[in-house]
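Residue numbers (our numbering), protein chains in the order written: chain G, 1 to 188; chain S, 1001 to 1188.
The C-beta atom is built at its ideal place from N, Cα and C for all residues, glycine as well.
Keep in mind it's a predicted model, so treat the numbers as computed, not measured.
Report on one structure; see the data block that follows.
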DNA sequence: TGTGCATGTGAGTACTCAATCAGTCACACC
DNA sequence: GGTGTGACTGATTGAGTACTCACATGCACA
């Protein structure tokens, strides 16, 4: 009925990281308001009570998850930019876009960004995290690619289009309108 | 303590329309999971119980609100297209983009679309409504503008970028990264 | 071997939510 | 004035919800 493997304690810091990693999957489906702290706890394999020892409340937990995602996205773009170093802006941006497409082939990272955007409307701490996340992302892409204002803007506009496609599962529908929206967008 | 203005009855159909109109404002702030049926009822000036006589449940209420928004967006694009009839695809698309910008200068319509996108991930009925909404929108824009696949795609990508800008309030922040994202996007 | 402390939990509390239902009230028509 | 029908509500329910707290348990080190 119940495993007798002796309990293996982690440091609080390790546990916090586990929670950040696993909570992505929990929040990805139903967002900030739709996900319970009990679900987050279950995904991390700890009790719901202990979530509140690791994070002060649900909002700051979600903020930490959102920041964690932005860090991963940035790291992925940095790797891509490093590989394409010295190329034209177009080449670097394409490499970054491709790296992003690979990163989010597991949709959770992208869904968190979508849900963070939605929660940002009413939750000030989330809004601040999203602002900072995109601020750094935009500045990094600008610096690393050397692209024009318009190119940078298009880069992010296409990213947002990806959010739409994934959230409504447009890639599972065969129709002219889905082909129009998804044209030229890499998918892994 | 309590207004004695005699109760004025409406038909159920009128009330349903009132609810659809006022619920937009209620759902705009906190989305599907974050908004209670009591808040929707208050915005419409009716009791929470009566919401359930007008709509079978919360999900279908939200779906009706989302569909109502898509109808409004489409109507707005149709008006713009009619005025720019006979122009080049660029001219028609610009007119449509401008009409959209005007329509959503009250942010609620756009926020509903964002929240609908988020809820579409986990609520099948919402997903279906969002798919149908964009399907019709894409086909309408294609037909009315005669633009290329790429132009249509860009039109919607820019629309999604608007969602990002509004949701995080990027237009209230003065910084290079916000100027890059918002460049050339009309704002009323 | 014991003891101090960080890791971790069971069992709550106080509250909110969607959904229900019995029943009241307005009004059109006789 | 009476009556049938549809509009509308107060009160309630049962299933959660975020968050708390008293207590248990593993482990490093004296």
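* Which residue comes first and which comes last in the alpha helix (DSSP H) that contains residue 179 (chain G)? -> 176-182 is the extent of the alpha helix (DSSP H) around residue 179 (chain G).
* Asked: Per DSSP, what kind of secondary structure is residue 187 (chain G) in: helix, strand or coil?
  -> coil
* Asked: Around the Cβ of residue 53 (chain G), are there at least 16 other Cβ atoms within 10 angstroms (buried) or fewer (exposed)?
  -> exposed
* To do: Could you name the residues of chain G that residue 1157 (chain S) contacts, counting a contact when the two beta carbons are closer than 7 Å?
  => 157, 158, 160 and 161
* **Where residue 1055 (chain S) falls: helix, strand or coil (DSSP)** => coil
* To do: Please list the partners that residue 1142 (chain S) has in chain G, where partner means a Cβ-to-Cβ separation under 9 Å.
  => Close to residue 1142 (chain S), with beta-carbon spacing below 9 Å, are these residues of chain G in chain order: 176, 177 and 180.
* To do: Would you kindly work out how many angstroms separate the C-alpha atoms of residue 31 (chain G) and residue 1086 (chain S), rounded to a whole number?
  => 44 Å
* Asked: Should residue 1004 (chain S) be labelled buried (16 or more other beta-carbon atoms within 10 Å of its own) or exposed?
  -> Low confidence applies here, because residue 1004 (chain S) scores a pLDDT of 42, under 50, leaving its location unreliable; read the following figure in that light. So residue 1004 (chain S) counts as exposed.
* Asked: Would residue 33 (chain G) count as contacting chain S if we go by Cβ distances under 7 Å?
  -> It does: the Cβ of residue 33 (chain G) has a partner Cβ on chain S nearer than 7 Å.
* Nearest candidate by alpha-carbon position, reference residue 1134 (chain S), set S:1147, S:1122 and S:1160 -> S:1160
* Local conformation of residue 168 (chain G) per DSSP, three classes -> coil
* Excluding five sequence neighbours on each side, which residues of the same chain lie with their C-beta closer than 6 Å to the C-beta of residue 1050 (chain S)? -> none
* Asked: With 7 Å set as the bound, which would you pick, yes or no: does the beta-carbon of residue 1153 (chain S) sit closer than that to a beta-carbon of chain G?
  -> yes
* **Simplified DSSP assignment, three categories, for residue 84 (chain G)** => In the three-state reduction of the DSSP assignment, residue 84 (chain G) falls in the coil class, being assigned neither a helical nor a strand state.
* If you measure from the beta carbon of residue 210 (chain G) to each beta carbon in chain S, is any gap under 7 Å? -> Nothing can be reported for residue 210 (chain G): it is not among the residues displayed for chain G, which extend from 1 to 188.
* Kindly list, in the order they appear in chain S, the residues whose Cβ is closer than 9 Å to that of residue 169 (chain G). => 1120, 1121, 1127 and 1131
* Asked: Using a C-beta cutoff of 7 Å, does residue 117 (chain G) count as contacting chain S?
  -> Residue 117 (chain G) counts as touching chain S.
* According to the neighbour-count rule (16 or more other Cβ atoms, all chains shown, within 10 Å of its Cβ), is residue 187 (chain G) buried or exposed? -> exposed
* Asked: Can you name, in chain order, every residue of its own chain whose Cβ lies under 6 Å from the Cβ of residue 111 (chain G), other than the five neighbours on each side?
  -> 28
* Report the residue ranges of all alpha helix (DSSP H) runs contained in full by the segment 1102-1160 of chain S; include only those spanning at least 4 residues, in chain order. => 1108-1120 and 1124-1145
* Smallest Cα separation from residue 1208 (chain S): which of S:1057, S:1104 and S:1092? -> This structure does not reach residue 1208 (chain S), given that chain S is present from 1001 up to 1188, and the question cannot be answered.
* Three-state class that DSSP yields for residue 1173 (chain S) in the structure shown -> coil
* To do: Indicate whether the contact test is met: 3 or more Cβ pairs, each with one atom in the segment 54-73 of chain G and one in the segment 1130-1145 of chain S, closer than 8 Å.
  => no
* To do: Spell out whether any CB of chain G is found under 7 Å from the CB atom of residue 1015 (chain S).
  => no
* Asked: Buried or exposed: where does residue 1167 (chain S) fall if 16 or more other Cβ atoms within 10 Å of its Cβ makes it buried?
  -> Result: buried.
* Does residue 114 (chain G) come within less than 7 Å of chain S when only Cβ atoms are used? -> yes
* Reduced DSSP secondary structure (H/G/I, E/B, other) of residue 1046 (chain S) -> In the structure shown, residue 1046 (chain S) adopts coil according to DSSP, grouped into three states.
* Evaluate the contact criterion for the segment 64-81 of chain G versus the segment 98-117 of chain G: three or more CB pairs, one atom per stretch, below 8 Å. => Counting Cβ pairs under 8 Å, three or more are found: they touch.
* With burial defined as no fewer than 16 other Cβ atoms inside 10 Å of the residue's Cβ, what is the status of residue 73 (chain G): buried or exposed? -> buried
* With a cut-off of 7 Å, does the C-beta of residue 1149 (chain S) fall near any C-beta of chain G? -> yes
* So what's residue 8 (chain G) in DSSP terms, helix, strand or just coil? -> coil
* Asked: Taking 7 Å as the CB-CB cut-off, is residue 1139 (chain S) touching chain G?
  -> yes
* Per-residue contacts from residue 30 (chain G) into chain S (C-beta, under 8 Å) -> 1033, 1121 and 1122
* Asked: Given that residue 173 (chain G) touches chain S, what residues does it touch there, using C-beta distances under 9 Å?
  -> Chain-order list of chain S residues neighbouring residue 173 (chain G): 1131 and 1135, by C-beta distance under 9 Å.
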